[in-house]
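In our numbering, the protein residues as written are 34 to 167. All residues carry an ideal CB built from backbone N, CA and C; glycine is no exception. Taking it in order: structure first as structure tokens, then the write-up.
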Amino acid sequence: MSDDVVEFLRARLNEVAELAGQCDGDDCGQWTADGDTVDFCQMDLSGFHPTIAQHVALHDPARVLRDVEAKRRVLARHVLSPAINDPALHWDNRDDCQYDGEDWPCSDLLDLALSYADHPDHREQWRSHQMRTR
Ligand SMILES: [Zn+2]
């Protein structure tokens with residue numbers, strides 16, 4: 034497998050960050066829940082089941098943007114170390130991750146990609162790799 038999972042993750046994180054940024058029009062970005070009501074900063078909406086109201090509030094733009102930043106940091110640490118294919122360097126005959134030494138793409142990247150398994154660009158082999166590691 035190539036570097037595709039990195040490109041896939043960068044694209045998904047950019048999409049999520051862009052949408053969260055668009056929902057933070059008043060620079061508040063922190064949603065709160067009180068009973069059946071969610072305060073979206075710009076307005077309140079009521080009628081939610083209280084658990085759903087809390088769930089929605091937990092996914093406010095500020096939190097989503099922090100989550101994207103954390104995932105981007107993970108992504109930056111896990112970098113492809115391509116195989117050299119020099120017979121004299123038998124320890125460097127496979128593509129691996131510079132951070133953890135696992136075969137490329139490593140489990141951490143595939144786990145990050147799992148969040149977006151419902152995206153049409155997600156590849157089945159990334160999921161099947163994850164199934165083998167359980
Ligand atoms: Zn890695």
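Query, Result
"Quick one: is the Cβ of residue 135 within less than 7 Å of any heavy atom of ligand 1?", "yes"
"Have a look at residue 46 and residue 56 and give me their C-alpha separation to the nearest angstrom.", "15 Å"
"Contact between the stretch 49–68 and the stretch 80–92 is defined here as three or more beta-carbon pairs at a separation below 8 Å; is this criterion met?", "yes"
"Quick one: Cα of residue 143 to Cα of residue 116, how far?", "20 Å"
"Which word fits residue 88, buried or exposed, when buried means at least 16 other C-beta atoms lie within 10 angstroms of its C-beta?", "exposed"
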